[in-house]
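All remarks here apply to the structure that follows.
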Amino acid sequence: QKRVKENPKIEILFETNTTGLFGENGVEGAHVVYRKGEADEKKYDIAIDGFFLAIGHKPNSDIFKPQVRTDEAGYIITEGSSPRTGIEGIFAAGDVADPHYRQAITAAASGCRAGIEASQYLRETDK
């Protein structure tokens, strides 16, 4: 983060939604809205050489907090490298349980593991 913030070629736009990208030869600009839906909403276009969209940086775990343990950032705490939570039969997978990588490929793999473990759990408890 520090390197990004200190790089004069990078501008971070907070409270801003990108509504579209444009360009003749690749991405050359973006349509943006600052404070969408607010009284001081402002729509404008910016010239860009690259585009990085930051999503999912806050784990979407609020609805589970009364039931499962989370860390101070809101990530669901699992048992070691397992997708099992502290509650029997409840599994956590993907970005909500991964404060380190937060990548689609690792989230998909984590979901697969949780699905396999949940299936195994159901087979074992069905006996």
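Numbering of the sequence shown is given in the working numbering, commencing with residue 2 and proceeding in unit increments.
We put the beta carbon where it would ideally sit given N, CA and C, even for glycine.
These numbers were taken from a predicted model, which means no experiment stands behind them.
DSSP places Phe92 within a strand segment (E or B) once states are collapsed to three. Annotation for Ala109: the continuous alpha helix (DSSP H) segment containing it runs Ala105 to Thr126. Ranked by Cα distance from Tyr122, the first of Tyr35, Pro84, Glu39 and Glu29 is Pro84. Between Ala109 and Phe92, the C-beta spacing is not below 7 Å.
Just measuring C-alpha positions, the residue of Phe15, Gly95, Asp50 and Phe23 sitting nearest Lys43 is Phe15. In this chain, the beta strand (DSSP E) harbouring Val34 covers Gly30 to Tyr35. Here Ile13 is not near Ala31, since their CB atoms are 7 Å or more apart. The Cβ neighbour count for Thr86, taken over all protein chains shown within 10 Å, is at least 16; the residue is labelled buried. Look at Ile47 here: in three-state DSSP terms it is strand. Residue burial annotation: Asp41 is exposed, with fewer than 16 other C-beta atoms found within 10 angstroms of its C-beta.
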